[in-house]
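From first to last, the protein sequence lines stand for chains A, B, C and D.
Using the working numbering, you'd call the opening residue of the first sequence number 1 and step up by one each time.
Using the working numbering, you'd call the opening residue of the second sequence number 1001 and step up by one each time.
Using the working numbering, you'd call the opening residue of the third sequence number 2001 and step up by one each time.
Using the working numbering, you'd call the opening residue of the fourth sequence number 3001 and step up by one each time.
The structure appears right after this line, and notes come after that.
There are 4 protein chains.
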Amino acid sequence: MVTTRLRVIYGDTDQMGVVYYANYLRYFEASRNEYLRARGLRYRDFEERFGLALPVAEAGVSYKQPARYDDLLDVEASVVDVRRASATFEYRVLRGGELIATGRTVHACVDLDGRLRRLPPELVEKLTRGAAAPDSPAP
Amino acid sequence: MVTTRLRVIYGDTDQMGVVYYANYLRYFEASRNEYLRARGLRYRDFEERFGLALPVAEAGVSYKQPARYDDLLDVEASVVDVRRASATFEYRVLRGGELIATGRTVHACVDLDGRLRRLPPELVEKLTRGAAAPDSPAP
Amino acid sequence: MVTTRLRVIYGDTDQMGVVYYANYLRYFEASRNEYLRARGLRYRDFEERFGLALPVAEAGVSYKQPARYDDLLDVEASVVDVRRASATFEYRVLRGGELIATGRTVHACVDLDGRLRRLPPELVEKLTRGAAAPDSPAP
Amino acid sequence: MVTTRLRVIYGDTDQMGVVYYANYLRYFEASRNEYLRARGLRYRDFEERFGLALPVAEAGVSYKQPARYDDLLDVEASVVDVRRASATFEYRVLRGGELIATGRTVHACVDLDGRLRRLPPELVEKLTRGAAAPDSPAP
């Protein structure tokens, strides 16, 4: 699990005075990028080194509490499932200890022509490394 | 079911050359507004006339085919479920006859202090009118 | 001059209850696209047919009156200047007869490697046609 | 002058592979907020403590070099002019030492009914403190 800290700006809010619902998917993307970076990957690498992309096939959000302008949000990302040609991320958005939202995205692995491709073992290993023993070396 | 036509702008796309995944929730909102307007409601009315809001409690999207810059998209919205204090919308995004994405949003009915409230019968009636006999008079 | 009609959605507003200032540049882009379309061009064509792009070099907005959720806005676009390798658009955003904002964008003409290029005569002709005799057939 | 570091996400880019032009105004807002925070103000305070708002009256951007996905951008904000009822910010967006964009916003000072108001001396003092001797105590 990797945590990304974000500050809510005016442009993220709507006239109800809370973060507009679509913007949580932006927050998820930011935290997904940081998850990959913490695993020694950058999303860029998928495209440049592997000739692969990970487009979103499914996305979902559960809104628990409104987030507001100027809030500092912690977005936790983790990979909860990796299959032959897809990977699933889950997210939790927190403000201090309070749960603001949860979500998940399912990503297909495709080549640059959009054809489904097997996730290379190197990527699978990096994506899931943290899952069993998060962020820590084996004893 | 109510259909809203939208034109994809550059600002909706990302560097993969397709509509960024969060923007579908904006399209859903636009089509939800038009659904309400077609039922003689405006989202404004919830706030101004009834002192109620319909914040999104859950949102989900299934991405089927990428949408691209300058595409004309038809977004169909319908109400598929109305409960005591919530309502569920479903959406289909089409380009010509091709299905681009589907989605749904679940909305809580709350007062302006954020407390859950029963949906007034007048709103229930308007929201669901089209459901049984969509857009057509009874025989 | 070409006019594009847009409906303000919740996602365009901020917690001050008005359209967020950055979104006017989105409205300008939408109206610029429609300007080009009305001239028999599509922005797509620049890239696909001419191998050219028109990136924005300068943008400016004057905010006169706030626009609000559910407003119907008319965005007028016109080309006010075309030079060897640049073109300038101006915009007026109106709600009914009321002036909401004005703006302008200056676009460089570049090839797909980003080098400045002369605007082809065919494009100059189409971009400026409406300027002399806006939207009306010759007698 | 106060510097804010931002990471470009996919959602900020467009299909040209660069940051969409409207998003610079979002970056400016983020850096403006941090400027105020560094001066012991929060934009929130304007509204809550002073009953004032600082809506944008004018905004402008000069685009020098494209910014791209995953870039780390430093956005510098400074107040360059404070008048009776307005304040002007200037911005520079840098990637490493390279200048990506510059911009400015002019803000009116209004009360919560939208009427122009004199900037309170306490705000003027805080906004301009850094201007003469940026971020450093007098000798």
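Positions of the beta carbon are idealized from the N, C-alpha and C atoms, including for glycine.
If you're wondering where the values come from, they're calculated on a predicted model, not measured in any experiment.
So which of the options has the shortest CA-CA distance to residue i?
i	options	result
VAL3056/D	TYR3010/D, ALA3085/D, ARG3129/D	ALA3085/D
LYS3064/D	TYR3091/D, ASP3111/D, ARG3005/D, ASP3012/D	TYR3091/D
ARG2068/C	ARG2115/C, LEU2112/C, VAL2018/C	VAL2018/C
ILE2009/C	ARG1049/B, MET1001/B, GLN1015/B, ARG1042/B	ARG1042/B
GLY3011/D	ARG5/A, PHE28/A, ASP111/A	PHE28/A
ARG2032/C	ASP2074/C, GLY2051/C, GLU2048/C	ASP2074/C
ARG1118/B	PHE1046/B, ARG1005/B, ALA1030/B	PHE1046/B
MET2001/C	LEU2116/C, ALA2030/C, VAL2080/C	VAL2080/C
Measure the alpha-carbon distance for residue i versus residue j and round it to whole angstroms.
i	j	result
THR88/A	ARG3007/D	23 Å
ILE100/A	GLY1103/B	22 Å
LEU3123/D	ASP71/A	23 Å
ALA1132/B	PRO1120/B	Low local confidence applies: a pLDDT of 39 at ALA1132/B is under 50, so the model's placement there is unreliable, with the coordinate-based value given in what follows. Approximately 19 Å between the Cα atoms of the pair.
GLY2040/C	LEU2127/C	9 Å
GLY1060/B	HIS1107/B	12 Å
ASP3135/D	THR3003/D	The predicted position of ASP3135/D is uncertain, since its pLDDT is 42 and thus under 50; no value can be drawn from it.
GLY3096/D	THR3013/D	19 Å
TYR35/A	SER78/A	7 Å
VAL1082/B	GLN2015/C	28 Å
CYS3109/D	PRO66/A	28 Å
ASP3111/D	LEU3052/D	4 Å
ARG129/A	THR105/A	19 Å
VAL3093/D	GLU2098/C	35 Å
ARG49/A	ARG2037/C	38 Å
LYS3062/D	GLU125/A	A quick correction: the sequence has Ser, not Lys, at residue 3062/D. Taking the straight line joining both Cα atoms gives about 44 Å.
ARG44/A	ALA1030/B	32 Å
GLU3076/D	ARG3005/D	9 Å
ARG3115/D	ASP113/A	56 Å
Counting only Cβ pairs nearer than 9 Å, list the residues of chain B close to residue i.
i	result
SER86/A	Correct list: empty, because the minimum Cβ distance to chain B is about 13 Å.
Is residue i near the ligand ATP, with its Cβ less than 6 Å from a heavy atom?
i	result
THR2004/C	No copy of the ligand ATP appears in this structure; indeed no ligand is present at all.
Applying a beta-carbon distance threshold of less than 8 Å, which residues of chain A neighbour residue i?
i	result
ASP3070/D	ASN33, ARG42, TYR43, ARG44
Mind listing the chain C neighbours of residue i? Cutoff is C-beta to C-beta under 8 Å, in chain order.
i	result
ARG1026/B	ILE2009, GLY2011
GLU1058/B	The premise fails here: GLU1058/B is roughly 17 Å from chain C at the closest Cβ pair, so nothing lies under 8 Å.
TYR20/A	TYR2010, GLY2011
SER3062/D	ALA2057, GLU2058
For residue i, go through chain D and note every residue whose CB falls closer than 9 Å to its CB, in chain order.
i	result
ALA38/A	The contacting residues do not exist; ALA38/A stays about 13 Å from chain D at best.
Quick one: what's residue i bridged to in DSSP?
i	result
TYR1091/B	ALA1077/B, GLY1103/B
SER1086/B	ARG1083/B, ALA1108/B
GLY2060/C	ARG2104/C, GLY3060/D
GLU3034/D	Its beta-bridge partners do not exist; DSSP assigns none.
LEU72/A	ARG7/A
THR2116/C	Residue identity check: residue 2116/C is Leu in the sequence provided, not Thr. Answer is VAL2110/C.
ALA67/A	In DSSP, ALA67/A forms no bridge with anything.
GLU48/A	DSSP, once it has assigned bridges, lists no residue as partnering GLU48/A.
GLU1098/B	ARG1095/B
THR3013/D	VAL3019/D
VAL1002/B	ALA1077/B
Could you work out which residues of chain D lie near residue i, taking near to mean beta carbons separated by less than 7 Å?
i	result
GLU29/A	ILE3009, TYR3010, GLY3011
Name the chain C residues whose beta carbon is nearer than 9 Å to that of residue i?
i	result
MET3016/D	GLU2047, ALA2053, PRO2055
ALA67/A	Near ALA67/A there are no residues of chain C at all, since even the closest Cβ is about 11 Å away, more than 9 Å.
Please report whether the beta-carbon of residue i lies at a distance below 7 Å from any beta-carbon of chain G.
i	result
ALA108/A	Among the protein chains of the structure shown, namely A, B, C and D, there is no chain G.
Next on the checklist: For the structure I just gave you, are there three or more beta carbon pairs, one from the region 3019-3033 of chain D and one from the region 48-63 of chain A, closer than 8 Å?
Outcome noted: no
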